[in-house]
Every structure is written in C-alpha cells, then in structure tokens.
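Peer 1: Numbering (this note's numbering), first residue to last: 16 to 380.
Glycine is no exception: its CB is placed at the ideal position from the N, C-alpha and C atoms.
Model, not experiment: these values are computed from the prediction.
Below you will find the structure I want to go over with you.
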Ligand code: SF4
C-alpha cells in the first residue's frame, strides 16, 4: 500500500476514490506512472464491488470472422489479407448463417460477426446476412462489426453513417462492437493504422449508434507505440462520450500481441502492466458499468486475478477466435464453461452468465 507522505503517494487519489469523486487527467497520469499496483488494485476493487457486488459475468458466444480481406493494411494487424493474397477468404452470407446455426447447438446467446474493410461488400450484404441469421436464430443476439467497419461500409455504399446504423439495427444487429478503437491519438494512428477511420470518427460513429438505440462496447489496444499519457487521454475521450450518451456497456482493454505483425520486434506487455491497465480503467471510467478482462487476450491466469483488480467480466468461451490468434495468442480459442465458472468461483466471485446486454441468464453454478 502507498505510504502517506511518500513523494509518489497515491493517498490523495485514494481519498477521492473512496469519496466517490471523479479523477482528473493528471491523476490518471500519476496512476499510470506509479508502480503501486496493490494500491491501484485495492481501489479498483472497492469501486467494482460498489457497482456490481460480488457478481462476475461471462458470456457464451461465438465469433464469426466473415472475411479477412481488408484494404487498410494496418501495420499492427496479423489477421488481414489483401484481395487475392494467399490465405484471403470471404464467407458467403449462407456460410455465415450455417456457422451461426452450428454455434447455436452449443447454446450460444450471441454471435459476434466482424471482418475488415472489404472492398466489395456493401451495406445490403450485411443487412441480408443479419436478417437471415435472425430468421434462423431469433433468440440469439448479433453483435456486429466495429465503428471502423461501419464507416467503411457507409462510404462504400454511399449511405450516411446514421442511416447505415439504423438499417443494420433493423436487420437485427443488437450491439455494435467497440473494436477498432486502438488508441485515439492522431500520432499513434499515423503509425499503426493510417488508412482507417480516425479516432474522432470512431467516437462519432459510436455516438450515432447510441442515438439510434444501439449500445456498444469500447476497447483500447495498448502496448505498442503509444505513450502512457495517450492511454489516459483515450480513457478520458471514452468517459466524455459515456457522460453524453450512456451507451457503452463495457470497456475492454486489449494488450497488443506483436507476433506475425509488422511490429513483431516489440515486446509483449507484462502481467503487471495488464493488471494496472484494468485497475486504472475501472478508476478513470467512473461512469462505466462494467470492465472486461478478456480471458483469451490477457490469458486465463491474468483474467482471474483481474477480478480482484477492478474487472467484473471475463467475456466468454469465444468459439473460433481468429484475430488475436493470428497475432500469436497462446490461449485456446475456447474454454469450457465449467472452467470459466471455476475460474470465477475460485476468485471468490459469484459466476453469472449474461447475455450481450448484461442481462443475467443463469447464476448459482
Ligand atoms: S486492424 Fe482491421 S482495418 Fe486494420 S488491417 Fe486489420 S482488419 Fe483491416
């Protein structure tokens, strides 16, 4: 724990957190520069408990990466291929529907459909795909696409972003994924994703989605070329949007996996850094209901400890995850529900299976 009076003391920040006061940018930067992991974890755990009590959530979902064809060529991405490049694939709408139907045999409650910025798939293609998935699986939610993909589909189809979102919603998209946020800094995006939507545009598409009644998640891909201050600024931009709309269901910090990317020489983040990021997210994002420790991205062991560092959600079994695994994630692509339940129980939490919208489906395992 921090010693009061020590030059790096977080005692004043602790006082604000315990009093329920909002933390400033400077305080966020002090926390991210600090090595007082136990203090940050303790404070984040107090806030977590205040918000959700002893529950820890998980989701039974299935990822469908409908295509890896993408024109953006982000240097940090190991998943995408250019059209015609070896390994490039695009599933037809029929194939996506069949994958969703097979997944439903495992009682999934959500299919998460995403790809890249494909040069030829217009809005009508996704409307048709989502409609057909919902016709076959009316009880399964579709989490679809990212703000970056919505921006691309909107421009490709000549339909403005607001209408694109409304049409996707009418076709069955229940939630918009918060992927593709990376780090909002213009400087960082020039280096890691120069050809895709700006951070400002990402936030704008999310705002439009919330106005259209479509909730989103939010992410941050950290541990590459960004500074610690840029991470804090990313959190502040999300907090501001959430103040405005209240439409973000959870924040998911994603450590960068460099293997197989053009940034492969960068080191992986450490467990210390991952836990600190989760704790700081919980403390800075005081208007977010949930913080997710994505087990396949941070690893099962860190995800479990994260439940004592501010996280209240470990995501789900994630059948067939491809994007993080293309970048060398060593975790399995799915985990048995019973293992997830054990992970949560042995961390002293009450496991609760949730749906896409954090409604509890089952508890008392
Ligand atoms: S991160 Fe997304 S936009 Fe960038 S290359 Fe990969 S699939 Fe395309």
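#1: Count the C-beta pairs between the segment 239 to 248 and the segment 191 to 199 that are closer than 8 Å, then say yes if the count reaches three, no if not.
#2: Quick one: complete beta strand (DSSP E) runs, 3+ long, within the segment 147 to 207?
#3: Out of curiosity, what's the CA-to-CA distance linking residue 59 and residue 268?
#4: Helix or strand or just coil, what does DSSP make of residue 132?
#5: How many Å lie between residue 163 and residue 119 at the Cα?
#6: Could you tell me which of 180, 185, 175, 207 sits nearest to residue 226, measuring between CA atoms?
#7: Can residue 211 and residue 89 be called in contact, C-beta distance under 8 Å?
#8: Hey, quick one: how far does the beta strand (DSSP E) through residue 375 stretch, first residue to last?
#9: If you follow the beta strand (DSSP E) that residue 77 is part of, which residue opens it and which one closes it?
#10: I think residue 229 touches residue 190, with their Cβ atoms under 8 Å apart; what is that distance to the nearest whole Å?
#11: How big is the Cα-Cα spacing for residue 220 and residue 309?
#12: Below 8 Å on the Cβ atoms is my guess for residue 237 versus residue 271; work out the distance and round it to an integer in Å.
#13: In its own chain, which residues sit with a C-beta less than 7 Å from the C-beta of residue 104, not counting the 5 before and 5 after it?
#14: For residue 39 and residue 66, what's the separation of their Cα atoms in angstroms?
#15: I'd like to confirm something about residue 287: is its beta-carbon nearer than 7 Å to some heavy atom of ligand 1, or not?
#16: With burial defined as no fewer than 16 other Cβ atoms inside 10 Å of the residue's Cβ, what is the status of residue 79: buried or exposed?
#17: Which of helix, strand or coil does DSSP assign to residue 120?
#18: Can you tell me whether residue 163 sits near ligand 1, meaning its C-beta is under 7 Å from at least one heavy atom of the ligand?
#19: Taking 7 Å as the line, does the beta carbon of residue 132 fall inside it for any heavy atom of ligand 1?
#20: Comparing the CB of residue 95 with every heavy atom of ligand 1, is any distance shorter than 7 Å?
#21: Looking at the unbroken beta strand (DSSP E) that takes in residue 295, where does it start and where does it end?
#22: Cβ of residue 253 within 8 Å of Cβ of residue 75?
#23: Pick out whichever of 377, 224, 34 has its Cα sitting closest to the Cα of residue 176.
#24: Cβ-heavy atom distance between residue 275 and ligand 1 below 7 Å?
#25: Identify which residue in 376, 372, 379 has its Cα closest to the Cα of residue 188.
Peer 2: Working from what's here:
#1: Touching, yes, given that three or more Cβ pairs across the two stretches are closer than 8 Å.
#2: 156 to 159, 188 to 191
#3: 15 Å
#4: coil
#5: 27 Å
#6: 180
#7: With respect to the 8 Å criterion, residue 211 and residue 89 are classified as neighbours on the basis of their beta carbons.
#8: For residue 375, the uninterrupted beta strand (DSSP E) run begins and ends at 375 to 378, by DSSP.
#9: 76 to 80
#10: In this structure residue 229 touches residue 190 by the C-beta definition: roughly 7 Å separates them, less than 8 Å.
#11: Distance between residue 220 and residue 309, taken at the CA atoms: about 23 Å.
#12: 7 Å
#13: 82, 83
#14: 20 Å
#15: no
#16: buried
#17: coil
#18: yes
#19: yes
#20: yes
#21: Careful: residue 295 lies outside any beta strand (DSSP E), inside the alpha helix (DSSP H) at 286 to 299.
#22: no
#23: With distances taken between Cα atoms, residue 176 lies closest to 224.
#24: Checking every heavy atom of ligand 1 against the Cβ of residue 275, none is found closer than 7 Å.
#25: 372
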